[in-house]
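The sequence shown runs contiguously to residue 888 in the working numbering.
By construction, the Cβ of each residue, glycine as well, lies at the ideal position given by its N, Cα and C atoms.
Given the structure is predicted, the values throughout are model-derived calculations rather than measurements.
Everything on this sheet refers to the single structure shown next.
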Amino acid sequence: MPGGFAAGVAFPHSAADVAALVAAAGRVLPIGAQSSLTGGATPRGELLLNTRNLTGVSVMSGTTVQAGAGVPLADLQRTLAARGLYYPPVPTFDGAFVGGTIATNAAGAATFKYGSTRPWVERITVVLSDGSRLEVQRGETIASPDGWFELAYPSGRVVRVPLPTYRMPDVPKLSAGYYARSGMDLIDLFIGSEGTLGVIVEAVLRVIPLPRRALVLVTCGSETQALAATAALRREAMGSWRGEGPLDVAAIEYIDSRSLAHVPDEAFARAGLPRPPWPAALLLAQIEIAGDDTAALERLSAVLDACGVRQDPSVAAPGDERQAARLLELREAVPAAVNAKIAAAKARIHPDIEKTAGDLVVPFERLQDSLMLYRDTFDRYGVDYAIWGHVSDGNLHPNVVPRSLEDMHCGRRALLDIARGVIAMGGAPLAEHGVGRSPLKQQLLRELYGEQGIEEMRAVKRALDPAWKLSPGVIFPEQ
Ligand SMILES: Cc1cc2nc3c(=O)[nH]c(=O)nc-3n(C[C@H](O)[C@H](O)[C@H](O)COP(=O)(O)OP(=O)(O)OC[C@H]3O[C@@H](n4cnc5c(N)ncnc54)[C@H](O)[C@@H]3O)c2cc1C
410 MPGGFAAGVA
420 FPHSAADVAA
430 LVAAAGRVLP
440 IGAQSSLTGG
450 ATPRGELLLN
460 TRNLTGVSVM
470 SGTTVQAGAG
480 VPLADLQRTL
490 AARGLYYPPV
500 PTFDGAFVGG
510 TIATNAAGAA
520 TFKYGSTRPW
530 VERITVVLSD
540 GSRLEVQRGE
550 TIASPDGWFE
560 LAYPSGRVVR
570 VPLPTYRMPD
580 VPKLSAGYYA
590 RSGMDLIDLF
600 IGSEGTLGVI
610 VEAVLRVIPL
620 PRRALVLVTC
630 GSETQALAAT
640 AALRREAMGS
650 WRGEGPLDVA
660 AIEYIDSRSL
670 AHVPDEAFAR
680 AGLPRPPWPA
690 ALLLAQIEIA
700 GDDTAALERL
710 SAVLDACGVR
720 QDPSVAAPGD
730 ERQAARLLEL
740 REAVPAAVNA
750 KIAAAKARIH
760 PDIEKTAGDL
770 VVPFERLQDS
780 LMLYRDTFDR
790 YGVDYAIWGH
800 VSDGNLHPNV
810 VPRSLEDMHC
820 GRRALLDIAR
830 GVIAMGGAPL
840 AEHGVGRSPL
850 KQQLLRELYG
860 EQGIEEMRAV
870 KRALDPAWKL
880 SPGVIFPEQ
């Protein structure tokens, strides 16, 4: 999001530094790697609290790791991998920081198997708006039956935090304002609160043994075939988790034919693949192999055959990092190509043109309906678009490819219509990127929970941050 300006930038090295800064500052915006896609990390005159010096990773056991908020996920994974461990709920961008991903309840491709960041966070150290430090351990503080938390500050002050009463949609990933559920854990209020309730300085995360992984790129003849193959692979995976069969699929990414049309020939050449003919679509599946490689890959072949997939998949076997990097590079070429088109339109056609994209999730059984909704709505508004995303979760990112400023405005109206349709399907228009300072995303949040829901979130904020000091204007406006 362009146009950021800050009162200053601070680079604290410790929780004590953060506490002193927050206590003394007027308005503060904590930031991680600033990879937010919603303007959540773009300052509007606050003091920027850059967390990059809150480092340090310490593997506590075979099941938990303690990490500073400023640790990039790639560094965390490197340290863990050296001990044969892995942190599963990572977003596609592995430069994001531990604190940023907790603040946004980030999720990635493998949510289907592992869920979003939330269940992996065991403990956080958080600095509240008055500079108090709070240790929040999962399981220690549970909401009262009538929907309150009572927080005792080190100063002796006791604050009652009223919980929102809205019902969250039942979807595998959600980054849509404050988590609210009866009997909820206090830690879940801070996870996904996008820096508005406290600054996370450190966390204890759950980890697992590093899985052996293969990556498989599947060329499907059509979208219908790609969706059928995704459903079949999900069924196989769920069977394997019950001990029935060898095909454990952790994630499936989807790239539609419209997206592929934007990818330059060189990207296919680098991946060593021919450009698939229209209307082919691609699936990129992450397969975890505990036992015999051959059994898993033979089963994969049989499943794809049964779905009518004719072309042999491209496989990066476990340990073949070069081939895996090539396939991932092809996947990343999709957003890169679309973003380059948007940048070119901004430079050549109108400076106000900006990225306009959805982050929608629906229950998996409504995936086909949701894709029809996206396509019909964009067609009705007459805008060009491309769709890709984490298909195994029902989470797709329809992106407008604007040819004019008017296209961008039409695209935003289309996304609002789409959001209403997705909510009606039991889904959510805010799956993993959060709400941030984007006017469109904040409008989508109002669509999801109504004005009353937003007012209930404001009541939480007022209780914990009465001076509206932390990340003001993120998730919802003050008034
Ligand atoms: C190429 C690309 C791919 C992406 N793919 C995914 C994806 O697959 N899944 C996904 O979920 N997201 C994805 N994202 C979005 C982004 O990476 C995530 O939202 C990520 O969690 C942000 O982390 P960050 O460290 O960059 O945080 P920032 O962008 O710096 O901050 C994000 C928000 O968190 C708050 N915040 C940051 N640190 C703290 C802290 N220590 N305490 C309190 N609040 C804090 C900020 O105030 C801001 O509101 C992608 C982004 C890019 C650029």
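Looking at the backbone, the Cα of residue 482 and that of residue 509 are separated by about 10 Å. For the segment 749 to 774, there is no continuous alpha helix (DSSP H) assignment of 4+ residues that stays within its boundaries. Residues 790 of the same chain have their beta carbon placed closer than 7 Å to that of residue 822, with the five preceding and five following residues left out of the count. Per the Cβ contact rule, the segment 614 to 630 is in contact with the segment 482 to 493 (3 or more Cβ pairs under 8 Å). Take the alpha-carbon of residue 766 and the one of residue 450: they are about 18 Å apart. Residue 583 carries a coil assignment under DSSP once its states are collapsed to helix, strand and coil. In this structure residue 837 is in contact with residue 831, their Cβ atoms being roughly 7 Å apart against a cut-off of 8 Å. Looking at the backbone, the Cα of residue 689 and that of residue 435 are separated by about 54 Å. Set against 7 Å, the gap from the CB of residue 649 to the closest heavy atom of ligand 1 is not smaller. Assigned with DSSP and collapsed to three states, residue 725 falls in strand.
Within its own chain, the residues whose Cβ lies closer than 6 Å to the Cβ of residue 575, once the five positions on either side in sequence are excluded, are 858, 862, listed in chain order.
Residues of the same chain with a CB within less than 6 Å of the CB of residue 468, apart from the 5 flanking positions on each side, are 474, 492 in chain order.
Secondary structure note for residue 417: its beta strand (DSSP E) is the uninterrupted segment 417 to 419. With a cut-off of 8 Å on Cβ pairs, the segment 641 to 656 is not in contact with the segment 719 to 731, counting fewer than three such pairs.
Contact between residue 768 and residue 692 is absent: CB atoms are separated by about 20 Å, not below the 8 Å threshold. For the options 864, 879, 732, 540, the alpha carbon positioned closest to that of residue 425 is the one of 540.
Taking 8 Å as the cut-off, the beta carbon of residue 756 is found no closer than this to the beta carbon of residue 571. For the beta strand (DSSP E) assignment, the uninterrupted runs of no fewer than 3 residues enclosed by the segment 649 to 734 are, from N- to C-terminal side, 657 to 664, 690 to 697, 723 to 725. According to the DSSP assignment, residue 433 belongs to the alpha helix (DSSP H) that extends over 424 to 433.
The C-beta distance from residue 665 to residue 557 rounds to 46 Å, too long to fall under 8 Å, and the pair is not in contact.
Cβ contact annotation for residue 683 (same chain, cutoff 7 Å, sequence separation greater than five): 677, in chain order.
Spatial neighbours of residue 601 in its own chain (CB-CB distance under 6 Å, excluding positions within 5 residues in sequence) are listed in chain order as 514, 584, 588.
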